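Heads up, the thing below is written out as structure tokens.
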Amino acid sequence: MSSEGYPRRTLALPHSRLFSTPVHSMDHKERAFLSYEKARATGLSYDMTMDDIVSLTPKFWEMHNDPIVLLDGAAITLLTIQYNLCAGTIARYARRRPELVPLVEDLLGYRKHGQFLMTELGHGLDIGNIETTATLLPSGEFSLNSPTPGAAKFMPPTVPAGTPAIAVVFAKLIVNGEDRGHRPFIVALNDGKTMCAGVQSRLLPFRGGPHPVTHSITTFRNVRLPRGSLLGSLEKPANFHANLMNIIERITIGTIALGCLALPFMQCYATIGTMYSLRRQIGPPSKKIPLLTFRTQQAPILAAASNAFVLQAMQRWCIKNFCNTRIDGRVRHGIAAIFKAIMAQHSQQGAMGVSERCGAQGLFAHNQMTSLHSEMRGIAIAEGDILGLAIRLVNELLLGRYKMPAPENPNSLLARHEAGLFAELQGIIKGVSHHRSDEVNRLILPHCQPMMEAIGHRMAYDAAVAQGVRPALVDLYVANVVKLDAAWYAEHAALGRAAQQAAEVRAHDEVLPMLGELVKEMDVFPYVTAPIVTDERWDAFVGGLTTFAGDARLELFETHGGALADPEMVRSHL
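Heads up: the sequence shown runs through residues 684 to 1257, numbered per our numbering.
Here is the structure:
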């Protein structure tokens, strides 16, 4: 059972041959293609329907919270692209176009691979200026083209992977020479072995650190598309920006969905850190003590555990409000952005803190933590780079275009911090000539991400208190957040350094006795593969390593007449 009370749909997978085969000595390309099979096995275990994808049922969110991600981040990358971005976009139009339903079902059943091609090499986050064009021809077909090298679609894994692949491709619709804004098109990429005519995919070198994905650079040259490949209307939209935001709604859903992946990451860090720190002992044989005895070892592990429980409450609150379509869409987008930022922030802190306390063992990919840290770096960029999201959100809040949900307790420490930072930025923006001025660039933009994170810290606190998370865990969460801007609390909340440290010590003392219970409640041990957590696993791991042994003899020193060689002669040979 998961900590949310539902059965783990993937519980049988960690022990299957597909997932238990050692991969760290495999060729990267072999590992990358194996991840497609793992994505398929994970997806099919959920038996996802079109309604699950469109209506965002609990099953959809459950999949993005599944600790199976701890075993292969590449598989979950492929799966969320396929289900959320590709199938989700097509499913939206399938409600009015029933002929698209079989394609969505093929994607959900993994009879086809699905990709999502929007971002371009020369434009990055500037999606409003992507250049790929789809020109309506007299025949009623479209001609899809990448007009410049900068128009190449960047990163989606489009190379053949054994199963026919299609993609949702975003392009400017050109009708009678007129630009009618961006539209999504369904495009066949390859038949599983060979690229389709006019589609070129260049395999990028693999990213360092995470599980490898066949990320690619993809271009189109006069690719003929049937009329039915267009998702949407030929009509020119009244507002190009509003049209673009509308057709990429699955990106916003992905923003919050990818943030959900950070929860099992944090649970994993706390579990590995606890078990390793109990197993690893120091001192003479008669007086050995576990590393967990020391506060320096306890602190990052306790932080990861408290963060996991507090942010689980935040996750419930954010999903509930994000799925409430009566809330202003801009506010829902803001909730998604804030949630992702906080999950990424605390996940990265947990990875670094715990892995460093595992010493040299924490450096190796087979102990999971460094790989998960690298996976989270990618998640922080995918479906909206966190800094870009923060700049957009905070500027709109400062301009008064909308407001995020107010604090439950405006007098709480974290709510006061949020209000204080916002007031400082508001004072600056009131004195500038324009919100795109150089003053804003220099004085506002560098503070947008800390501002967004301050809102998120307060939201997490409010959610944890409202949902009855253990007070000691909430107190430790607050103590750790205070350290992120210690000067502000000393200056504006009469909370000096000694008081901050005392609050942290009290919280540590209260949480430490419950650590074993917390790890048990997280319930991710079946998905933890790190060999350092038990003696049995470590012995099995060492026993499986490539071994070099023999009986060769090497003379360390050349001798002459039984005496050591002259030192100068030895040095001349070095």
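In this text, a Cβ means the ideal position worked out from N, Cα and C, and glycines have one as well.
Values in this document were obtained by computation on a predicted structure and should not be read as measured data.
Going by other Cβ atoms of all chains shown within 10 Å of its Cβ, with 16 needed for buried, is residue i buried or exposed?
{"i": "Lys795", "result": "buried"}
{"i": "Lys1203", "result": "exposed"}
{"i": "Val1253", "result": "Confidence at Val1253 is low in this model, with a pLDDT of 46, below 50, so its placement is unreliable and the value that follows should be read with caution. So Val1253 ends up on the exposed side."}
{"i": "Ile965", "result": "exposed"}
{"i": "Gly864", "result": "buried"}
{"i": "Val1311", "result": "Because the chain spans 684 through 1257 in this model, residue 1311 falls outside it and cannot be assessed."}
{"i": "Thr760", "result": "buried"}
{"i": "Ser899", "result": "buried"}
Do you know how far the Cα of residue j is from the Cα of residue i?
{"i": "Glu782", "j": "Glu824", "result": "18 Å"}
{"i": "Pro1214", "j": "Ile939", "result": "32 Å"}
{"i": "Ala1024", "j": "Ile1069", "result": "6 Å"}
{"i": "Met1142", "j": "Asn1078", "result": "19 Å"}
{"i": "Tyr1144", "j": "Pro893", "result": "31 Å"}
{"i": "Met928", "j": "Lys855", "result": "14 Å"}
{"i": "Val1164", "j": "Phe889", "result": "35 Å"}
{"i": "Ala1155", "j": "Ala1185", "result": "14 Å"}
{"i": "Ala1073", "j": "Gln1132", "result": "5 Å"}
{"i": "Ala1223", "j": "Thr957", "result": "20 Å"}
{"i": "Gly1179", "j": "Arg1099", "result": "16 Å"}
{"i": "Leu871", "j": "Thr1217", "result": "Inspection of the sequence shows that residue 871 is occupied by Ala rather than by Leu. Cα to Cα, Ala871 sits roughly 48 Å from Thr1217."}
{"i": "Gly1227", "j": "Trp1221", "result": "10 Å"}
{"i": "Ala774", "j": "Thr846", "result": "21 Å"}
{"i": "Gly1103", "j": "Lys1003", "result": "28 Å"}
{"i": "Phe868", "j": "Tyr776", "result": "11 Å"}
{"i": "His1117", "j": "Ala1146", "result": "36 Å"}
Would you mind working out which of the options sits nearest residue i, comparing C-alpha positions?
{"i": "Asp809", "options": "Val784, Thr877, Lys836", "result": "Lys836"}
{"i": "Phe1047", "options": "Leu791, Leu694, Ser708", "result": "Ser708"}
{"i": "Gly700", "options": "Arg692, Asp710, Arg691, Glu720", "result": "Here residue 700 turns out to be Arg, not Gly, going by the sequence shown. Among Arg692, Asp710, Arg691, Glu720, the Cα nearest to that of Arg700 belongs to Glu720."}
{"i": "Phe702", "options": "Leu762, Asn1094, Leu753, Asp735", "result": "Leu753"}
{"i": "Met1052", "options": "Cys879, Tyr1210, Val842", "result": "Tyr1210"}
{"i": "Met949", "options": "Pro690, Val1207, Ala1235", "result": "Val1207"}
{"i": "Leu1097", "options": "Thr1230, Asp1192, Glu1136", "result": "Glu1136"}
{"i": "Arg830", "options": "Lys712, Ala1146, Cys1006, Phe903", "result": "First, the residue type needs correcting, since residue 830 is Pro and not Arg in the sequence shown. Nearest C-alpha to Pro830: Phe903."}
{"i": "Arg691", "options": "Arg1013, Asp749, Gly1226, Trp744", "result": "Asp749"}
{"i": "Ser1095", "options": "Met731, Ala1176, Met733, Gly860", "result": "Ala1176"}
{"i": "Glu1101", "options": "Leu1080, His1117, Val1115, Asp1121", "result": "Leu1080"}
{"i": "Cys769", "options": "Leu819, Ala848, Thr816", "result": "Ala848"}
{"i": "Pro1196", "options": "Glu745, Thr818, Ala982", "result": "Ala982"}
{"i": "Arg1293", "options": "Met838, Leu914, Ile869", "result": "In the structure as shown, the chain begins at 684 and stops at 1257. Residue 1293 is therefore absent and cannot be evaluated."}
Check the Cβ-Cβ distances between residue i and every residue of chain B, and say whether any is below 8 Å.
{"i": "Phe868", "result": "The displayed structure is made up of one protein chain only, and chain B is not part of it."}
Can you pull the DSSP bridge partners for residue i?
{"i": "Met1205", "result": "Answer is none; Met1205 lacks a bridge partner."}
{"i": "His796", "result": "Ala848"}
{"i": "Glu861", "result": "Val858"}
{"i": "Phe868", "result": "Val852, Leu913"}
{"i": "Met1087", "result": "DSSP lists no partner for Met1087."}
{"i": "Lys660", "result": "Residue 660 lies beyond the range of the chain shown here (684 to 1257); nothing can be said about it."}
{"i": "Arg907", "result": "Ser826"}
{"i": "Ala817", "result": "Leu827, Leu856"}
{"i": "Ser1095", "result": "DSSP output for Ser1095 lists no bridge partner at all."}
{"i": "Ile965", "result": "Ile972"}
Between residue i and residue j, which are expected to be in contact by the criterion C-beta below 8 Å, what is the C-beta distance as a whole number of angstroms?
{"i": "Ala757", "j": "Ser728", "result": "With a Cβ gap of about 17 Å, Ala757 and Ser728 do not count as contacting."}
{"i": "Thr841", "j": "Thr763", "result": "About 16 Å; that fails the 8 Å criterion."}
{"i": "Ala988", "j": "Ala953", "result": "4 Å"}
{"i": "Tyr766", "j": "Leu739", "result": "Tyr766 to Leu739, Cβ: 11 Å. No contact."}
{"i": "Pro725", "j": "Leu696", "result": "Residue 725 is actually Thr in this sequence, not Pro. Confirmed, Cβ separation roughly 7 Å."}
{"i": "Glu788", "j": "Glu803", "result": "Between Glu803 and Glu788 the Cβ distance is about 30 Å, and since that is not below 8 Å, they are no contact."}
{"i": "Ala945", "j": "Ser1030", "result": "4 Å"}
{"i": "Ala1063", "j": "Ala1027", "result": "4 Å"}
{"i": "Gly877", "j": "Pro909", "result": "As written in the sequence, residue 877 is Thr, which differs from the Gly given in the question. Rounded, the Cβ-Cβ distance is 20 Å, inconsistent with contact."}
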